[in-house]
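Please read the structure below before turning to the comments.
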Amino acid sequence: ATRIWEGTPKIIITVIMTFFSLYCLYMTLFSTALPEVRLTLFVGCIIILGFLTYPAKKGHVKVNSLPWYDIVLMLVGSACFFYFAINAFTLIQLATRIEPIHVIIGVIGILVLIELCRRCVGIPILCVVAALLIYTFYNQLSYNPSFFNALKNVVYKLFYTTSGVIGTPINVCFTYIVLFIIFGAFLERTGIASFFIDFANRVAGWSSGGPAKVAVISSALCGMVSGSSVGNTVTTGSVTIPMMKKTGYKPEFAGAVEAAASTGGQIMPPIMGAAAFLMAEYMDLPYAEVAVKAILPAIMYFSGIFIAVHLEAKKLGLQGIPRTELPKWGYLLRNLYLILPLVLLVWLVSSGAKTMATSAAISILASFVIGFIHLLATNLRQMNGQGFGKILWLTVKASLLSAVDALAAGAKGAITVAVACAMAGMIAGCITVTGLASILINAIVQLAGNATIIGLVLTMLCCIVLGMGVPTTANYCIMASTCAPILIQLGFSPVAAHFFVFYFGIVADITPPVALAAYAGSAIAKSNPMKTGINATKLAIAAFIVPYIFAYNPSMLFVGNVEWYDVLLISVTALLGLFGIAAALNGHLYRKIPMVLRLALVAGGLGMMIPGLTSDLIGLAVVAAVVVFQYISGKKQAASAA
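Yeah, the sequence shown ends on 751 if you go by my numbering, and it's all consecutive.
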C-alpha cells in the first residue's frame, strides 16, 4: 500500500525524492563528515520519505491525503535524528552520561522507525526485533534492577552509537546500496529489462515450454541488478507469467517459476543485487573474487530450475513460441550497447580503478548517456521526415524527465532497504549488548556435537526465519552478524559460511508461510499464494541442497588449492544429482514415476551430491537405472497405446 499523489503534490514529492537521490550521490562521493552526522541525516530523510510514501494501512489510501498523525510522526521522528546530527560532537563526548531528554529523543526516534518498518517492510522482522529488545532489557535488568538505567543503556547503544540503528548495515546502505538502487532505476529506463527478455526469448523461447525458460533466463539477468526478489518478480513477471499461462502452464506453476528465478537473481554474479559488494566488505575479499566464487553455485541453482521447468513442459506436452514470433538476432545485436553501463560498472569495480561509490556514479552517468542515445535512435526511426533539431530537443526533454523519474524511483526504492538495514543494525546491536551471538553459537555447537550436519540444519532454519520478509541486502547483514559465526565456529570455511547463510537468507522469499516473492508472483498469475509458494520451493530445491555441497566441499567456491578436475567432477555430479531430485519431485519421466522409483531418484541424487567417489558412483548407477527403466517402460506404453 502506497500513497496516491496526483497533480502538483505529485510533482512536489517527485522533486523531493529527486533531490534526496542527488544528496545521497553528493554525500557519498564528497562528504567528509562524521558517520554520526552523515548516517543520522540519511535516516532522518528516509523517515520523511517513508511517511510521504507509505500510509498506516491499505484502507487509508486517499488521493493527495496525508493525515495529521502521519505529519506529526514524520516531523517528530525525523527531528530526533536531525537533533543527533546537529549535536553529534557533544553527544559523542557525553557517551553513556546522556541525560533524560536524550533518552526520550532516542526512544521516540526508534519507535517512529519501528512504525515505518511495519508499514514498508512488514511484521516478520519486527517480531525478531521485539523478541531481541525484550531479551536485551531482561539482560540489562539482571545487572542493574533500575529500569531507567537499563533503558538508558539500551537507548545509548541502539541510537547514539554506530553499533545500532546507524551501524554497519545502514552505513553500507548509504555508501553503496542506495547508489546501486539508483543505478538499477536508470538501467530499467534505458530498456535493458526488455532487452534481457527479448534475448531470453531468442535463446530459449522456441523450445518446449519456452516461456518458462525465458522467465528463468531473463529473471537471472534482471535480478542481479534489481536488488529485490519481489521487485524483479513484478518487473519481469508482468511479461513472462501471462506468456507461461498462455502456453499451458498452470497459474500456480507460472507464478512459482518467476518467483524462484527472480529470487535466484539475487545470487547471480557479478552484482548479486548489490550483495556482492557487501560480501566483499564482510569477508575482506576483493569484489572480483566474490563474484567468481558465486559463479558455480548460481549455475547450479538456475540449472535446477531449468531442469524442473523442462520436465514439467514435457509432462504437459507444451510447445514453444513459433520462431516467426521471436526477436531477430539482428535486432538484439543492434541493441547490444544497452548493457554497456553494466559492463562498465563490473570493469571499474573489479579492476580497482575506482572506489565502489565512484564506479556506481560513473555507471549511472553512463546509463543516462546510453538511454539518451537509445531514445534518440528510436525517435530518428519513428519521426523520420521531421527536422533533426526538433527530434534532438524532444529527446533531450524526454531524457531529462526520464532521469528525474529514475532518481525519484531510486529514492523510493531506497526507503524499504534503508529501514530494513536500520532494523538489521538494531538486531546486531541487541546481539552485541547481550552477548547473544556467543550464547547462540555455543548452543548450536553443543547440539551439533561432532555431527556438523545438525549445525548446518539448525543454522539453515535460523537463516530462513530471520530472513523472512527482509530485503536481500539487509537480509545478508543480519545473517553475516548472527549466523555466519556459528558455522565458522563449527569449523567451516569463512567463505563457505557466508555463502551458506546468504543462500538460505535469500530463499526465505520463496519459503512459505512468508514467501514474499511467491506472493508477488501469485498476484500476477491470479493463483493461490500458498500453492505458488510450495511450487516455488520445489523448483528452487537446488538452493536448499547446493549450500550443503559447498559447505562440505568448498572447492565449488574455489577455496584453497583447487584443481580444475575437482571442480569439474563436483559440478557434473551435482548437476546429475539435481536432475534426479527434480525428476522425483516432478513425478514424470517418459511416463509417470512410481513412488518407489521417485524415492530411489532422491536417494541417488543426494548420493551424487555427497563428496566422495563411492557415493557419486552409487548415486549415478541408481539414477541411470531409473532413467533407463522409465525410458523402456515409456516406449512400451506408447507402443501399446498405438
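Don't be surprised by glycine CBs; every beta carbon is placed ideally from N, CA and C.
Delimiting residues of the alpha helix (DSSP H) encompassing residue i
{"i": "Trp177", "result": "177 to 195"}
{"i": "Asp725", "result": "722 to 750"}
{"i": "Met577", "result": "From DSSP, Met577 is part of no alpha helix (DSSP H); its letter is neither H nor E."}
{"i": "Val399", "result": "396 to 402"}
{"i": "Phe289", "result": "287 to 299"}
{"i": "Ser361", "result": "Note on residue identity: the sequence assigns Glu, not Ser, to residue 361. Here the alpha helix (DSSP H) through Glu361 covers 360 to 373."}
{"i": "Lys83", "result": "Lying before the first or after the last residue shown, residue 83 is absent from the chain, which here runs from 110 to 751."}
{"i": "Val146", "result": "144 to 162"}
{"i": "Lys635", "result": "Premise fails: Lys635 is in no alpha helix (DSSP H) and is neither H nor E."}
{"i": "Lys166", "result": "No alpha helix (DSSP H) holds Lys166; DSSP gives it neither H nor E."}
{"i": "Glu390", "result": "384 to 392"}
{"i": "Tyr612", "result": "603 to 615"}
{"i": "Lys355", "result": "338 to 356"}
{"i": "Pro621", "result": "Where Pro621 is concerned, there is no enclosing alpha helix (DSSP H), given that its DSSP letter is neither H nor E."}
{"i": "Pro752", "result": "The structure shown does not extend to residue 752, since the chain spans only 110 to 751, so no value can be given for it."}
{"i": "Ile279", "result": "277 to 281"}
{"i": "Ser317", "result": "Counting along the chain, Ser317 falls outside any alpha helix (DSSP H), and DSSP gives it neither H nor E."}
{"i": "Val554", "result": "545 to 557"}
{"i": "Leu447", "result": "Looking at the DSSP string, Leu447 is not in any alpha helix (DSSP H), and its letter there is neither H nor E."}
Beta-ladder partner(s) of residue i, from DSSP
{"i": "Asn493", "result": "Gln495"}
{"i": "Lys701", "result": "His697"}
{"i": "Val821", "result": "Since the first and last residues shown for the chain are 110 and 751, residue 821 lies out of range."}
Cβ pair residue i, residue j closer than 7 Å
{"i": "Met639", "j": "Pro656", "result": "no"}
{"i": "Val399", "j": "Met388", "result": "yes"}
{"i": "Ala197", "j": "Val274", "result": "no"}
{"i": "Met53", "j": "Ala645", "result": "Past the edges of the chain, shown from 110 to 751, lies residue 53, and the structure says nothing about it."}
{"i": "Cys754", "j": "Val528", "result": "For residue 754 there is no data in the structure shown, the boundaries of the chain being 110 and 751."}
{"i": "Thr149", "j": "Ala194", "result": "yes"}
{"i": "Thr127", "j": "Gly364", "result": "no"}
{"i": "Ser317", "j": "Gly429", "result": "yes"}
{"i": "Ala370", "j": "Val325", "result": "yes"}
{"i": "Ala593", "j": "Ala605", "result": "no"}
{"i": "Val216", "j": "Val264", "result": "yes"}
{"i": "Ser724", "j": "Gly713", "result": "no"}
{"i": "Ile630", "j": "Gly293", "result": "What sits at residue 630 in the sequence shown is Gly, not Ile. No, Cβ-Cβ distance for Gly630 and Gly293 is not below 7 Å."}
{"i": "Leu405", "j": "Met665", "result": "yes"}
{"i": "Tyr674", "j": "Gln739", "result": "no"}
{"i": "Pro351", "j": "Thr271", "result": "no"}
{"i": "Lys261", "j": "Val212", "result": "yes"}
{"i": "Ser187", "j": "Ala520", "result": "no"}
{"i": "Val458", "j": "Ser468", "result": "yes"}
{"i": "Thr344", "j": "Glu367", "result": "no"}
{"i": "Arg298", "j": "Ala515", "result": "yes"}
{"i": "Ile553", "j": "Ile597", "result": "no"}
{"i": "Cys572", "j": "Leu241", "result": "no"}
> Would you call the region 372 to 381 and the region 615 to 632 touching, i.e. three or more CB-CB distances under 8 Å?
Replying inline: Segments in contact, yes.
>> To test your reading of the DSSP string, which unbroken alpha helix (DSSP H) runs of 4 or more residues are found completely within the region 463 to 543?
In response: Complete alpha helix (DSSP H) runs here, min 4: 465 to 491, 497 to 543.
> Which runs of the beta strand (DSSP E) fall wholly inside the region 210 to 275 and span at least 3 residues, in chain order?
Replying inline: When DSSP assignments are scanned along the region 210 to 275, no uninterrupted stretch of beta strand (DSSP E) that is 3 or more residues long falls wholly within it.
> Touching or not, the region 441 to 460 and the region 680 to 694, by the rule of three or more beta carbon pairs under 8 Å?
Replying inline: Segments in contact, no.
> Does the region 249 to 258 touch the region 352 to 366, meaning 3 or more C-beta pairs lie closer than 8 Å?
Replying inline: Too few Cβ pairs lie closer than 8 Å, so no.
> Any contact of the region 579 to 593 with the region 275 to 286, i.e. 3+ C-beta pairs under 8 Å?
Replying inline: They touch, by the three-pair rule.
>> Does the contact criterion of 3 or more C-beta pairs under 8 Å hold for the region 282 to 293 versus the region 130 to 147?
In response: The region 282 to 293, when compared against the region 130 to 147, does touch it at the 8 Å Cβ threshold.
> Does the pairing of the region 220 to 239 with the region 177 to 189 give three or more beta-carbon distances under 8 Å?
Replying inline: Taking one beta carbon from each stretch, the region 220 to 239 and the region 177 to 189 have 3 or more pairs nearer than 8 Å; the two touch.
>> Contact between the region 303 to 322 and the region 487 to 499 is defined here as three or more beta-carbon pairs at a separation below 8 Å; is this criterion met?
In response: These segments do not touch.
>> Between the region 505 to 524 and the region 554 to 563, can you find at least three pairs of beta-carbon atoms closer than 8 Å?
In response: By the criterion of at least three beta-carbon pairs nearer than 8 Å, the region 554 to 563 is not in contact with the region 505 to 524.
> Is the region 231 to 245 in contact with the region 197 to 209, if contact means three or more CB pairs nearer than 8 Å?
Replying inline: At 8 Å Cβ cutoff, the stretches do not touch.
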